[in-house]
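So the structure is just underneath, and the comments pick up after that.
In the working numbering, the protein residues as written are 11 to 276.
Below, the structure written as structure tokens:
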């Protein structure tokens, strides 16, 4: 058994007190990993594109230093989407702040819709799939930004690498919660893995209108059932991972064994 935590937040202010308070709760409850939603450490995209570079750079440095310090203070792995500066441009991905290290994986697919066009701003340029995989408390974790979850190739990569827990930080709006729930339930079941989704809260302006990020962070078990969830307010979700549950569902449905016997997982 291993305990992990989803923290549901809007964009954090420059003050460290709130995130420090929640991470202490995480640690006091025996969790070894905390997952934050998208655009929690950085301002949301529609705000970011209007900010002076000096302010963006200050925010990046402040949050990177803060989260690195808190990872050491509470002996946690903290996983969160993050914007990094590369030369004179910015790239978007997921960061892992650990007591002894910092890792960053670029997002593979960027949104390019009229009302939300990340691809025109961020200069991600990875030619090959770049998905984070790491171990924590005996479990093999994979992490990908919310938009990446729409692409089969990402799930195939985790399947081939025997990932047991997929972390999905997101920033979802426009009453899309039912679609997201169905998507991730199916992925958890067909891949026989846990899926933990951390969705941010707060407001953002799209074109001429404001809309709410609705939260609804949740944990899906390997049988495709949502086992625990938050509502639309700030808070934390503590969740137990079980090797026994993974074993039972894999033995029951055998999807991975069938693929392996066909040679598709090599």
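For each residue, glycine too, the CB sits at the ideal point set by N, CA and C.
Residue range of the alpha helix (DSSP H) that residue 196 falls in? 187–201
Does DSSP classify residue 57 as helix, strand or coil? helix
In or out: residue 97 buried (at least 16 other Cβ within 10 Å) or exposed? exposed
Going by DSSP in three states, residue 220 sits in which element: helix, strand or coil? strand
Candidates 224, 140, 197 and 126: closest to residue 218 by CA position: When each option's Cα is compared against that of residue 218, the closest is 126.
Please state whether the Cβ-Cβ distance between residue 202 and residue 122 is less than 8 Å. Between residue 202 and residue 122, the C-beta spacing is not below 8 Å.
Buried or exposed: residue 48, going by 16 or more other Cβ atoms within 10 Å of its Cβ? buried
Cut-off 8 Å between Cβ atoms - residues of its own chain near residue 18, not counting five sequence neighbours on either side: 47, 208, 209, 210, 211, 225, 227, 240, 243, 244, 245, 246 and 247
In whole angstroms, what separates the C-alpha of residue 88 from that of residue 216? 29 Å
Residues of its chain near residue 134, where Cβ-Cβ distance is below 7 Å and the 5 sequence neighbours each way are ignored: 101, 102, 116, 117 and 120
What does DSSP give as the partner residues of residue 179 in its beta bridges? Paired residues: 208.
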